[in-house]
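A quick write-up on the structure given underneath.
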Ligand code: ADP
Ligand code: AMP
C-alpha cells in the first residue's frame, strides 16, 4: 500500500481532509499534532518536552518527532502522514524508514488559513475539528460525534497563528520544492469546500 504525505500551511485543512480520505481509502492516519496533543494531555515525558514549543507555535525538535513517527509506523504500509514532515531534516529522516509514494499539497492562501484558524474549534474529548463559520457543530459548543466540549486551541490565538505561519514559510514550505524535484508532488486547490477537496485527493490517490 502506498504511503502518502499531506503538505500545506497550518489551517489548510490537512486534518479535516485526512480523516475522511483515510476512512475512504483505508489508510492509517497519523497526525503528529494529534499525537503530541495527546501526550501533552496525558502529561507524559514527551508531552512535557513538547508543550512549550507547541504553545509558542514553534516546531518540536526533529529528533523527538522522528522517533515518535518511526515507532508508530513500524511494520505498516498505507500510511497517511498529516503535519509531518515539517522540515527538510524530517523528510530526510523519514526516507530512512518509510518510502513516500505520493505527496499531496493542499494549496490555500495566507488570508484564508488565518481566517479558518481564528474560527477553528476542537473537541476536548475526541479531538474532532469544527469551524464556527464553515463546519459548524449541530449543537453550539458540543461535539457531534461524542458530545464533548468544543474549545479553541491555545495555539490558535492570533499572535501564535502569525508566528506559526512564519515558521511554516521558513521551515516547511521548502518541502514543496523538495518533493516536486522527486516527482512526487501533486497540488490540490484547497480553497474550496472540504467535500470538493476530499474528492480531488481521493481521485489523485486512486490514479
Ligand atoms: P490543518 O490540519 O491543516 O491545520 P484543519 O483540518 O484543522 O487544518 O482545518 C482548519 C480549520 O478550517 C478548521 O476549523 C476546519 O473546520 C476548517 N476547514 C478545513 N477544511 C476547510 C475547507 N476546505 N473550507 C473551509 N474550512 C475548512
Ligand atoms: P498541528 O496540529 O499540525 O497544527 O501541530 C500543532 C503543533 O504541534 C505545531 O505547531 C508544532 O508545535 C507541533 N508539531 C506537529 N507536528 C510537528 C512536526 N512534524 N514537527 C515539529 N513539530 C510538530
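Residue numbers (full-length UniProt numbering): 1 to 207.
Glycine included, C-beta positions come from ideal geometry on N, C-alpha and C.
Counting along the chain, residue 105 sits inside no alpha helix (DSSP H); it lies in the beta strand (DSSP E) bounded by residues 102 to 107. Using a 10 angstroms sphere on the CB of residue 12, the tally of other CB atoms reaches 16 or more, which defines it as buried. Residues of the same chain with a CB within less than 7 Å of the CB of residue 143, apart from the 5 flanking positions on each side, are 123, 125, 126, 128, 137 and 150 in chain order. Within 10 angstroms of the beta-carbon of residue 90 lie 16 or more other beta-carbons, which makes it buried. With a 10 Å radius around the Cβ and a threshold of 16 neighbouring Cβ atoms, residue 79 comes out buried. Using a cutoff of 7 Å, the CB of residue 142 does not count as near the ligand ADP, since none of the ligand's heavy atoms is closer than that.
Between the region 169 to 182 and the region 84 to 102, the count of Cβ pairs shorter than 8 Å is three or higher; the stretches touch. For the region 169 to 195, the full-length beta strand (DSSP E) segments reaching 3 residues or more read 185 to 189 along the chain. 8 Å or more divides the Cβ of residue 32 from the Cβ of residue 64. Where residue 92 is concerned, the enclosing alpha helix (DSSP H) starts and stops at 88 to 95. The C-alpha of residue 155 is placed about 12 Å away from the C-alpha of residue 59. With fewer than 16 other Cβ atoms inside 10 Å of its own Cβ, residue 111 counts as exposed.
Beta-bridge pairing by DSSP links residue 120 to 131. Between the alpha carbons of residue 202 and residue 21 lies a gap of roughly 6 Å. The continuous beta strand (DSSP E) containing residue 7 extends over residues 4 to 7. Per DSSP, residue 84 lies in no beta strand (DSSP E) and is assigned neither H nor E.
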